[in-house]
């Protein structure tokens, strides 16, 4: 009824678990890079430059007016660039009542900050 050497099966099982967990880890790392590449591929050069500016200046939360003054462009230009970054999951709009008053960088953008800057630059 009982196998003669259960430690052999236990060692085999543990070894298989290690191999599978390594494989899952590798696949998750690959998909993480694919997700970042996918988000950035939909942006044009100006939007990537804008995202890099936000990350370099550590503007984790901002209003379009503040940033438009810093960059010397119109408020509408910043809003349009923010809209594209929101669509790609890189920014999150902060809505007050029914209007977007400010934006903040998404958790995805913050955690991938170095990788984003490396890929953009």
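Numbering (the working numbering), first residue to last: 450 to 570.
Backbone N, C-alpha and C fix where the C-beta goes; we use that ideal spot for every residue, glycine too.
On a predicted model such as this, the values are computed, not experimentally measured, just so you know.
So for residue i, helix, strand or coil by DSSP?
i           : result
residue 553 : strand
How far does the alpha helix (DSSP H) with residue i in it extend, from its first residue to its last?
i           : result
residue 503 : 494-505
residue 537 : Run containing residue 537: none; DSSP gives neither H nor E here.
Where do the N-terminal and C-terminal ends of the beta strand (DSSP E) with residue i fall, by residue?
i           : result
residue 542 : 540-545
Taking the alpha-carbon positions, what's the residue i to residue j distance?
i           : j           : result
residue 570 : residue 550 : 29 Å
residue 516 : residue 548 : 18 Å
residue 537 : residue 524 : 20 Å
residue 534 : residue 479 : 23 Å
residue 399 : residue 530 : This structure gives no information on residue 399, because the portion of the chain shown stretches from 450 to 570.
Measure how close the beta-carbons of residue i and residue j come, nearest whole angstrom, since I'm counting them as under 8 Å.
i           : j           : result
residue 540 : residue 554 : 6 Å
residue 565 : residue 504 : 6 Å
residue 567 : residue 485 : Contact doesn't hold; Cβ gap of about 10 Å is too wide.
residue 508 : residue 497 : Actually they do not touch by this definition, with Cβ atoms about 15 Å apart.
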